[in-house]
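To start, the structure under review is shown below, and the notes come after it.
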Amino acid sequence: MKIVCIGGGPAGLYFALLMKKRGAHHDITVVERNKPYDTFGWGVVFSDQTMGHMRHWDAETAQEIQQAFNHWDDIELHFKGRVIRSGGHGFVGIGRKKMLNILQARCEVLGVKLLFEQDATSDLDFPDADLVIASDGINSNVRNRCPEIFKPDIVTRPNRFIWLGTHKQYDAFTFLFEKTEHGWFQAHIYKFDGLTSTFIVECPEEVWLAHGLDQADQAESIAFCEKVFADNLKGERLMTNARHLRGSAWLNFQRVKCEKWSFFNGKSHVVLMGDAVHTAHFAIGSGTKLALEDAIELVRQFQETGDEVVHIPQVLEQYQALRAIDVIRLQNAAWNAMEWFEVCGKRYCDQLAPEQFMYSMLTRSQRISHENLRLRDKQWLEGYERWFAGQAQAVPPMFTPYRLRGITLKNRVVVSPMAQYKCTDGRVGDYHLMHLGARAMGGASLVFAEMTCVSPEARITPGCPGLWNDEQTSDWARIVAWVHQETDAKMALQIGHAGPKGSTCAPWQGAGADQPLPDANWPLLSASAKPYLQDGQVPRAMTREDMDHVKNDFIRATQRASKAGFDWLELHCAHGYLLSSFISPLTNQRQDDYGGSLENRLRYPLEVFAAVRAAWPDHLPMSVRISAHDWVEGGITPMDATEVARAFKLAGADMIDCSSGQVSAQQKPIYGRMYQTPFADRIRQEVGIATLAVGAISEADHVNSIIAAGRADLCAVARPHLANPAWTMTEAARIGYTALQWPSPYASGQPQLEATFARERSLQLAGRGD
Ligand SMILES: Cc1cc2nc3c(=O)[nH]c(=O)nc-3n(C[C@H](O)[C@H](O)[C@H](O)COP(=O)(O)OP(=O)(O)OC[C@H]3O[C@@H](n4cnc5c(N)ncnc54)[C@H](O)[C@@H]3O)c2cc1C
Ligand SMILES: Cc1cc2nc3c(=O)[nH]c(=O)nc-3n(C[C@H](O)[C@H](O)[C@H](O)COP(=O)(O)O)c2cc1C
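Numbering (my numbering), first residue to last: 14 to 783.
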């Protein structure tokens, strides 16, 4: 085969040498626009795992790279005059120049032709090649020539960064944060040879502009960075080797991904590789790893399928199918890490104490969890747990108490409200006593009853509970009293009005959830006369009279909730129900004072909140559940959600319960573990109100990392509590936390379960060879 690699970066060189090694008869050329041994950038990092793959595929290069490696374990944070260090992180760093030199030399030994100082205009420059590898980097000419084929999706991120080097010695992966008069700057620093460290400086665009760095040339930019980090640099200089960049050396990161990775240009098969097809932000340090692993996978496919020209189409198809999965996984983790650095100046630097800031930074990609940190550096983590708990004993953050108004919760786990549709005439009975009682015995600190409706017309289905008469009040009082008598859990009530989503079937009845009842429908109310489903029942747009009427229903239900003995009240302003229908522009199309701007759309929900708050005892907390993202273009965004939260905070809410969606049937949510937690985090930091995180929180490890990082104050767990009422007790035993108090009659089950999990943990450790 005749192969041309356009671009002699890690991807092009490594593919060329592996393929040549596989078959010396292949005619392989690497075309590089730079001079030999001349490149941009400083050191790059990658993991031991990538090294393992390289050893397998070409032991010679791996050995040379390994000899040139700098290995280090610690991460060190310099923040607000403090230095915090944690270990066990295991990185290796190498100079980009050094690595390319090794790859170039190995290519020469194996007989790969290296053509330097040749600028390829496109893949069409090489019509006699069977295969063209477009390893021409982030600004790939080949990709840019055929956007309709590769369908690239390129997102330019808002932060500015400059890639510098220094001879100051650092013995840990070091992060510096410095506040200037216009905002925060951060530096990411890692050593890559005996003398030199990479020193990347990053800041938000507005901070960069405010300092006039858009007008600064390279020398001025370097002088500026030296001044910002002078305390740490202590007279050492910063250096650039990006002389090839014209004007400013400050870049914006571009996230690249492509729908298609290869095509036939009429003469040759063409395939994208490395940064040309995907990029990963430097916050996760994996661009080189991806480039090298692309090269390995393509060679593996030739090995498995055959390396004749006829095999190329199948090989290229399999190459994309396999690599795309790994790339997406890494890009998602890199995205979280990148976003953390983009928002840290606004969201974390001024808000968090250095200890918690460090924890938040270490877990920024959401791939490193609490227990993972324990494996890396037990001593540091236990020190953090002691700091978080404010006591001499280390306690997992999930099991620290939490106080709000006059209530103290014994831990941070909440049973999320879950509709059961098991009532008749809005009355709860033995079913609910069993259901809620079991969960109250299961270890959670706060148990939410399902959405309870303020009038018969406020119900979602005929099976929903209500709180509009005395019988219902005493039914609830019986359940609350039982929970208070038999457990140390607190009871919360979520009150709501179904609005446009009322008069529908239970999920397992008739046409199913959200579908109108076949008969005996009741009239519906909403902000506007817009049905939830296209062919659903059309609600009436509320008049002012309706608003007064419904508000009074909320007040009376609140008084009854207090009488029934509930400890906590939540106002349901989410999921497309009545109050939510006012907040979202998708459901509120009113022309009066209650529609239009967000301020107007919030007017009625805030009026109801104020009335309910006034009717609810002062010493008891009130939360508000919102949909922090409608997941529909033109709907509520997480940024709007911060304004919604701010308004409820001003009105006296104690906590925002951050759910999302269910406002429009057109929604396209992006699910994943803890997928709504970023909304709780953002609201907590930017608005300064306590938050309740919910959604795909299914392990103690999730709860611990959310609470420890300060992303939320409490975690609500719904579906896992359907499978296991004693979810909290089970998770405590799973992570080896034995101080949780089980209900006395259940006490003999505790050591037994703890022993089972202890055995599982030791088997896992043995399996891992630790
Ligand atoms: C600030 C910063 C820090 C980074 N830190 C890390 C890190 O710590 N760890 C890590 O793994 N990665 C890091 N990266 C990413 C890493 O540099 C890239 O992901 C990696 O180099 C991609 O390899 P590549 O071979 O695909 O592309 P490149 O390394 O960009 O190589 C492309 C080559 O193609 C050549 N070329 C382009 N067009 C043509 C043409 N028309 N004709 C001829 N030649 C051409 C270029 O000169 C270049 O040599 C960082 C990137 C940046 C910007
Ligand atoms: C069966 C069921 C019923 C639910 N009923 C309610 C409800 O009454 N009120 C509410 O705000 N959310 C309700 N939800 C949403 C949950 O409270 C929670 O936000 C959601 O299930 C995500 O959490 P999870 O991933 O832990 O299940 C319900 C969820 C389920 C599974």
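For glycine and all other residues, C-beta sits at the position ideal for the given N, C-alpha and C. Every value quoted in this text rests on a predicted model; they were computed, and no experiment measured them.
How big is the Cα-Cα spacing for residue i and residue j?
{"i": "residue 318", "j": "residue 311", "result": "11 Å"}
{"i": "residue 222", "j": "residue 152", "result": "25 Å"}
{"i": "residue 259", "j": "residue 233", "result": "Only weak support exists for where residue 259 lies, its pLDDT of 49 falling under 50; the value from the coordinates is given anyway. Each residue's alpha carbon lies about 14 Å from the other."}
{"i": "residue 504", "j": "residue 633", "result": "11 Å"}
{"i": "residue 783", "j": "residue 498", "result": "For residue 783, the predicted structure reports a pLDDT of 48, less than 50, and the residue's modelled location is therefore unreliable. The matter cannot be settled from this model."}
{"i": "residue 98", "j": "residue 88", "result": "6 Å"}
{"i": "residue 169", "j": "residue 419", "result": "48 Å"}
{"i": "residue 584", "j": "residue 429", "result": "14 Å"}
{"i": "residue 9", "j": "residue 724", "result": "Since the displayed the chain opens at 14 and closes at 783, residue 9 lies outside it and no answer follows."}
{"i": "residue 775", "j": "residue 493", "result": "41 Å"}
{"i": "residue 440", "j": "residue 543", "result": "30 Å"}
{"i": "residue 520", "j": "residue 527", "result": "8 Å"}
{"i": "residue 652", "j": "residue 313", "result": "45 Å"}
{"i": "residue 297", "j": "residue 81", "result": "21 Å"}
{"i": "residue 591", "j": "residue 25", "result": "58 Å"}
{"i": "residue 42", "j": "residue 644", "result": "48 Å"}
{"i": "residue 265", "j": "residue 140", "result": "35 Å"}
{"i": "residue 131", "j": "residue 17", "result": "13 Å"}
{"i": "residue 252", "j": "residue 179", "result": "6 Å"}
{"i": "residue 656", "j": "residue 613", "result": "12 Å"}
{"i": "residue 477", "j": "residue 308", "result": "58 Å"}
{"i": "residue 338", "j": "residue 303", "result": "12 Å"}
Got a sec: does ligand 1 put a non-hydrogen atom nearer than 7 Å to the Cβ of residue i?
{"i": "residue 48", "result": "no"}
{"i": "residue 709", "result": "no"}
{"i": "residue 58", "result": "yes"}
{"i": "residue 280", "result": "no"}
{"i": "residue 176", "result": "yes"}
{"i": "residue 157", "result": "no"}
{"i": "residue 640", "result": "no"}
{"i": "residue 165", "result": "no"}
{"i": "residue 24", "result": "yes"}
Report yes if the C-beta distance between residue i and residue j is below 8 Å; otherwise report no.
{"i": "residue 15", "j": "residue 164", "result": "no"}
{"i": "residue 71", "j": "residue 33", "result": "no"}
{"i": "residue 678", "j": "residue 702", "result": "no"}
{"i": "residue 539", "j": "residue 465", "result": "no"}
{"i": "residue 459", "j": "residue 581", "result": "yes"}
{"i": "residue 750", "j": "residue 295", "result": "no"}
{"i": "residue 467", "j": "residue 570", "result": "yes"}
{"i": "residue 209", "j": "residue 426", "result": "no"}
{"i": "residue 212", "j": "residue 107", "result": "no"}
{"i": "residue 121", "j": "residue 173", "result": "no"}
{"i": "residue 639", "j": "residue 672", "result": "yes"}
{"i": "residue 748", "j": "residue 409", "result": "yes"}
{"i": "residue 92", "j": "residue 370", "result": "yes"}
{"i": "residue 442", "j": "residue 471", "result": "no"}
On the DSSP letters alone, give me the boundaries of the beta strand (DSSP E) that residue i sits inside.
{"i": "residue 186", "result": "186 to 193"}
{"i": "residue 741", "result": "From DSSP, residue 741 is part of no beta strand (DSSP E) but of the alpha helix (DSSP H) over 740 to 747."}
{"i": "residue 665", "result": "Where residue 665 is concerned, there is no enclosing beta strand (DSSP E), given that its DSSP letter is neither H nor E."}
{"i": "residue 41", "result": "40 to 44"}
{"i": "residue 171", "result": "165 to 179"}
{"i": "residue 462", "result": "459 to 466"}
Residue i lies in the alpha helix (DSSP H); which residues open and close that run?
{"i": "residue 275", "result": "That residue, residue 275, is in no alpha helix (DSSP H); its beta strand (DSSP E) goes 275 to 277."}
{"i": "residue 215", "result": "Per DSSP, residue 215 belongs to no alpha helix (DSSP H); it is in the beta strand (DSSP E), 210 to 217."}
{"i": "residue 333", "result": "325 to 360"}
{"i": "residue 203", "result": "First-last for residue 203: 196 to 204, but that is the beta strand (DSSP E), not the alpha helix (DSSP H)."}
{"i": "residue 13", "result": "With the chain represented from 14 up to 783, any question about residue 13 goes unanswered, as that position is not in the structure."}
{"i": "residue 578", "result": "Counting along the chain, residue 578 falls outside any alpha helix (DSSP H), and DSSP gives it neither H nor E."}
{"i": "residue 755", "result": "Taken as a continuous stretch (DSSP letters only), residue 755 belongs to no alpha helix (DSSP H), as it is neither H nor E."}
Report yes if the C-beta of residue i is less than 7 Å from at least one heavy atom of ligand 2; otherwise report no.
{"i": "residue 691", "result": "no"}
{"i": "residue 45", "result": "no"}
{"i": "residue 732", "result": "yes"}
{"i": "residue 588", "result": "yes"}
{"i": "residue 431", "result": "yes"}
Less than 7 Å between the CB of residue i and some heavy atom of ligand 3, yes or no?
{"i": "residue 78", "result": "Absent from the structure shown: ligand 3. Ligands present: ligand 1 and ligand 2."}
Enumerated in chain order, which unbroken segments of the beta strand (DSSP E) with a length of 3 residues or greater are wholly contained in the segment 380 to 425?
415 to 417 and 420 to 422
Could you pull out every unbroken beta strand (DSSP E) segment of at least 3 residues lying fully inside the segment 479 to 511, listed in chain order? 503 to 509
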